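Position 3 (the sequence shown) corresponds to 2 in numbering that gives the first Met the number 0; numbering is contiguous. Using N, Cα and C, we set each Cβ at its ideal position, and we do this for glycine too. Predicted model only: the values in this text are computed from it and were never measured.
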Amino acid sequence: MPEKIIIVTGFGPFAGHEERNASWEAVKLLPDVFHFRKDAYQLRKYQVPVIYEEVNRILPQIWNQNPDLVVHVGVNGTINTINLEHFSYTFGYSKPDFAQHYLPSDKITLNGKHANEKECAMLKTNLNVERLVKELNLETNVACCCSTNVGNYLCGYIYVKSLDVNQDRTLFVHVPEVNEPYTSEQTMTTIYNVIGKCLEQLAAEHKLS
Numbered sequence: 000m001p002e003k004i005i006i007v008t009g010f011g012p013f014a015g016h017e018e019r020n021a022s023w024e025a026v027k028l029l030p031d032v033f034h035f036r037k038d039a040y041q042l043r044k045y046q047v048p049v050i051y052e053e054v055n056r057i058l059p060q061i062w063n064q065n066p067d068l069v070v071h072v073g074v075n076g077t078i079n080t081i082n083l084e085h086f087s088y089t090f091g092y093s094k095p096d097f098a099q100h101y102l103p104s105d106k107i108t109l110n111g112k113h114a115n116e117k118e119c120a121m122l123k124t125n126l127n128v129e130r131l132v133k134e135l136n137l138e139t140n141v142a143c144c145c146s147t148n149v150g151n152y153l154c155g156y157i158y159v160k161s162l163d164v165n166q167d168r169t170l171f172v173h174v175p176e177v178n179e180p181y182t183s184e185q186t187m188t189t190i191y192n193v194i195g196k197c198l199e200q201l202a203a204e205h206k207l208s
């Protein structure tokens, strides 16, 4: 039987977050195995440098493993909730990355099923974000929100690139700074719960291998 795999990424340091990135501080605490129903999933964690070329290098490595779910996590210093992102834009990537490198164009070239749609402005996850947030808020004491503001930096970039590969199995989660208000352990637990809710949806829709 093929391995059952979940992949979660967090980001490394960048401007304003040089000492630590809250996303990786939480992601690295996740267990190496995720138990869902009768199955044990390998939970593989990647720290992604805040560099466009590194995203381009790492994402094929991730998707070549044929994961059942990919959750990208990033920090947003202006929020105090855990935000689940609906979509990511295909344009507007004009900022330099942490290595001071720019993309050749601010418009993303799509290679997936939307490759021929020249006017495609965004890609949206097929996961039901509203339902995820509703269930999480009923079952946990960490506030979760739906968001449509993944941004036009590395968070948006990695999300749109993964959505271009698979919109069924991709989600982006924004987390606040460490201890503002949640500890890394609380944030990790919420990410863990997000994974479980995503697997429930995929199972219900017969999308798990």
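How many angstroms separate the CA atom of residue i from the CA atom of residue j?
{"i": "residue 73", "j": "residue 37", "result": "30 Å"}
{"i": "residue 255", "j": "residue 141", "result": "Lying outside 0 to 208, the shown extent of the chain, residue 255 is not represented and no answer is given."}
{"i": "residue 52", "j": "residue 8", "result": "16 Å"}
{"i": "residue 195", "j": "residue 150", "result": "25 Å"}
{"i": "residue 13", "j": "residue 20", "result": "8 Å"}
{"i": "residue 102", "j": "residue 50", "result": "10 Å"}
{"i": "residue 187", "j": "residue 11", "result": "16 Å"}
{"i": "residue 44", "j": "residue 172", "result": "14 Å"}
{"i": "residue 56", "j": "residue 93", "result": "20 Å"}
{"i": "residue 54", "j": "residue 136", "result": "31 Å"}
{"i": "residue 208", "j": "residue 27", "result": "26 Å"}
{"i": "residue 22", "j": "residue 117", "result": "33 Å"}
{"i": "residue 100", "j": "residue 181", "result": "32 Å"}
{"i": "residue 221", "j": "residue 96", "result": "This structure does not reach residue 221, given that the chain is present from 0 up to 208, and the question cannot be answered."}
{"i": "residue 104", "j": "residue 122", "result": "18 Å"}
{"i": "residue 206", "j": "residue 4", "result": "14 Å"}
{"i": "residue 289", "j": "residue 134", "result": "There is simply no residue 289 to check, as the chain begins at 0 and stops at 208 in what is shown."}
{"i": "residue 31", "j": "residue 203", "result": "24 Å"}
{"i": "residue 191", "j": "residue 177", "result": "17 Å"}
Are the CB atoms of residue i and residue j nearer to each other than 9 Å?
{"i": "residue 64", "j": "residue 2", "result": "yes"}
{"i": "residue 84", "j": "residue 127", "result": "no"}
{"i": "residue 157", "j": "residue 66", "result": "no"}
{"i": "residue 81", "j": "residue 193", "result": "yes"}
{"i": "residue 58", "j": "residue 42", "result": "no"}
{"i": "residue 124", "j": "residue 169", "result": "yes"}
{"i": "residue 76", "j": "residue 16", "result": "yes"}
{"i": "residue 48", "j": "residue 98", "result": "yes"}
{"i": "residue 68", "j": "residue 201", "result": "yes"}
{"i": "residue 184", "j": "residue 25", "result": "yes"}
{"i": "residue 146", "j": "residue 71", "result": "no"}
{"i": "residue 179", "j": "residue 115", "result": "no"}
Which whole-angstrom value is the C-beta distance of residue i and residue j, which I expect to be below 8 Å?
{"i": "residue 39", "j": "residue 88", "result": "Contact flag wrong, Cβ pair sits at about 36 Å."}
{"i": "residue 132", "j": "residue 144", "result": "6 Å"}
{"i": "residue 90", "j": "residue 106", "result": "5 Å"}
Which parts of the segment 115-159 are runs of the beta strand (DSSP E), unbroken and 3 residues or longer, counting only runs that do not cross its ends? 121-123, 143-146
Are the segment 101-112 and the segment 160-169 touching, with three or more C-beta to C-beta distances below 8 Å? yes
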